[in-house]
Each structure stands twice: as structure tokens, then as C-alpha cells.
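In my numbering, the protein residues as written are 91 to 420.
What follows is a single structure, written as C-alpha cells, with notes after it.
And the structure:
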């Protein structure tokens, strides 16, 4: 979200345990201060300071942890084997137990032994998302990083996402867990906040969505609930793509509490609904939704909970404060 990211903020995924951001690493590389002073200021070791100074200000991104050398090289006899990956992993694990399926696959690719499976050969080319009418709202759950709550306890929480398949209009909320009760509470909040009638709710096969406690409210609101096929982006790719955007643009900011995270996500929602998108031919979800509700007034709801007009300014204040903490010398 360009409106929420501070200048120089991270736009790529970083390691979840990273203590510094690329902007901080660049400052470390340029600083003439002693390594011990910088280590104390940023809460890292002196070795970390020396590492980023050695790389320089233009090489501050996390590097791949993939080993430079493979554990072993395939012989000519091993190259001639035509076992499938699962069977080959089963055989190799008896002699090299430290190699899992992914390691065996990486070795085969490095040796040029990866062969397309029948499923790969028959796979259809990628296509655009299906055209939907307003009211098809896809729900999903994303796990958030550990932060401090009001009691000062560090714990994880869950981000619930609702996105309309026709307009890309989104609604977000943070809940304590991934249970049917939290999913129902989010569904009720989304129905109150979305300015249109929800007719279909596609979800994945998570336990919070397949329980009877979630099915009953759907029937009460006359909503058709359907589950997507596992690992099939044709049916849930839109919400998964949005989750990736939240991870890149909303969760790349260094925050310290769940309250700040909720404030940032509320501003993210307001900004994203007003942002022009290429998939919508340069229009924003707000504009597309107004156009579709004007063309079909029967899809609109007579009463809708109005959005918070101060959501974006509050989020910008939190981002500015986080930037001040991450860059105390600026």
C-alpha cells in the first residue's frame, strides 16, 4: 500500500526473525560510528553490524539460505533411474536420512534430472479470473506475526479477509484465533460493513469454515456457502493474491503491538479500496462497486455501517511513529 508505506520502506518479504530492515542496514553500512555503538542502538550483535558494513549500502536484502554446494553429486547410474520423486525420496531416506523430499527435488533439478510429471504435461495455461456479480465474497484466514497485546503478552493472532470477487472490495478484521466462533463473528462484521447483499461465500476447507457453527449463520442469512478445491488457485487465487499484498505492503512495517497493527490494517483497507488497480482497468474497487450498484440497485443494502473516515490518518500516524523508532537519527 503506497499510501501507508514510509519513504524507503521494505517492499520485499524479509525473514520473520530479522531485527533490522533494509533501510536500517543501509544506514549501518554508511555510518562511521563504531560497531559496538551501532549494535547497542539497533539491538543486534557487533558481528551483524560488521556483516552489513562488509556488504555495503547497496546489498541490504536478505539472501537465499540455499547451500552453495550440494551434499552429493549424482553418478551416471543414478542419472539413469526413472523413479518418481516420492519413491526416490523413500529409497534415499534409508541411506541419507537428513535429506527430505524438497532436498531431493533440489538435487535433481541441479543435476538436470527433473522431468515433467503427467500432471505438468496436461496442465492448462493460466487464465484470468472468472467474471462474477457483486455478492460473491471470498473469506480466508492469514496468521499474523507475534506481537504484544494489551496485557504485555506476546502472542499470535489471525487476520480474517473478505474480498468481493467482482469489485475487489475488501474488509479486514483481526481475531484472537482460528475457530468457528471467530469466523462467525467476522462474517457478521463483514455483512454489516459491506454495502451490498452477500449471496455466496466461497472459503477454503479450514476447520473454522467447515464446522456447523459457521454453516448455520450462512443459512440464516440466506448465503450459499461453498468450499474451494485444495491447492487450486483458479478458485481462491484472488484472495491469496490479496494476502500476498497485505504481507508485502502492510506487514513489512516494524510494529510492536496488536493495537498498532489493527490501526494500520484499518487504514490499509481504506486505502486499498480507493486504490486504482490494473485488474479493474485503472479503476478503484470503490468506483467499480458504485458503478455496479448503480446499474443494479437491487444488489445494494438499505443500511450499511459507514467506514471510519479517520482510519487512514490514524494509520499514517502509527507508520510515522514506527519510522521514528526505526530511524532515530532522522
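Glycine is no exception: its CB is placed at the ideal position from the N, C-alpha and C atoms.
Please read these numbers as outputs of a predicted model, since none were measured by experiment.
Can you tell me which of the options puts its alpha carbon nearest to the alpha carbon of residue i?
i	options	result
residue 255	130, 399, 292, 317	292
residue 153	230, 250, 112	112
residue 385	178, 224, 289	224
residue 340	327, 180, 115, 357	357
residue 149	135, 128, 117	117
residue 265	247, 257, 143, 281	247
residue 337	296, 234, 326, 294	234
residue 138	110, 121, 147, 158	110
residue 270	250, 128, 383	250
residue 403	367, 394, 360	360
residue 126	115, 114, 140, 120	140
residue 288	185, 181, 296, 259	259
residue 284	315, 242, 226, 300	226
residue 144	115, 155, 131	115
residue 199	175, 181, 295	175
residue 406	369, 326, 395, 345	345
residue 395	335, 301, 286	286
residue 268	133, 300, 155	300
residue 142	243, 158, 122	122
Starting from the C-beta of residue i, find all residues in its chain whose C-beta is less than 6 Å away, skip the five residues before and the five after it, and write them out in chain order.
i	result
residue 408	350, 353, 354
residue 388	none
residue 108	none
residue 104	152
residue 222	255, 256
residue 209	Model confidence at residue 209 stands at a pLDDT of 49, short of 50, so the residue's coordinates are unreliable; what they give is reported in the following sentence. Within the same chain, residue 209 has no close Cβ partners at all.
residue 211	Summary for residue 211: the model assigns pLDDT 47, below 50, so the residue's position carries little reliability; its value from the coordinates is reported in the next sentence. Taken in chain order, the list of residues that qualify is empty.
residue 311	none
residue 401	356, 357, 360
residue 179	191, 194
residue 147	116, 119, 120
residue 397	none
residue 382	224
residue 97	A caution first: residue 97 carries a pLDDT of 44, below 50, which makes its placement in the model unreliable, though a value can still be read off. Contacts found: none.
Considering just the uninterrupted stretch of the alpha helix (DSSP H) at residue i, what are its terminal residues?
i	result
residue 230	No alpha helix (DSSP H) contains residue 230, which is instead part of the beta strand (DSSP E) from 227–233.
residue 132	125–132
residue 363	348–363
residue 197	191–200
residue 377	375–385
residue 394	Taken as a continuous stretch (DSSP letters only), residue 394 belongs to no alpha helix (DSSP H), as it is neither H nor E.
residue 112	112–120
residue 371	Premise fails: residue 371 is in no alpha helix (DSSP H) and is neither H nor E.
residue 145	136–145
Would you give the residue range spanned by the beta strand (DSSP E) that residue i belongs to?
i	result
residue 158	Careful: residue 158 lies outside any beta strand (DSSP E) and carries neither H nor E.
If you drop the 5 nearest sequence neighbours on each side, which residues of the same chain put their C-beta closer than 7 Å to that of residue i?
i	result
residue 92	With a pLDDT of 41 at residue 92, under the threshold of 50, the predicted position of this residue should be treated as unreliable, though the coordinate-derived value follows. For residue 92, where only same-chain residues beyond five positions count, there are no Cβ hits under 7 Å.
residue 372	366
residue 333	230, 232, 251
residue 279	263
residue 304	270, 273, 274, 298
residue 347	237, 238
residue 328	219, 228, 253, 255
residue 261	252, 280, 283, 284, 359
residue 106	235
Between which residues of its own chain and residue i is the CB-CB distance below 8 Å, once the five residues before and five after are set aside?
i	result
residue 308	277, 291, 314, 315
residue 374	363, 364, 365, 366, 367
residue 129	135, 136, 138, 139
residue 318	292, 293, 294, 295, 325, 326
residue 182	189, 194
residue 282	394, 395
Determine, for residue i, whether the minimum Cβ-Cβ distance to residues of chain B falls below 8 Å.
i	result
residue 186	Given the protein chain composition of this structure (a single chain), no chain B is represented.
Cβ pair count under 8 Å reaching 3, the stretch 261–275 against the stretch 371–381: Result no; under three Cβ-Cβ pairs closer than 8 Å.
Segments of 3+ residues assigned as beta strand (DSSP E) that fall wholly inside the stretch 285–323: 290–293, 314–317
Uninterrupted beta strand (DSSP E) stretches inside the stretch 235–278 (no shorter than 3 residues): 248–254, 260–265
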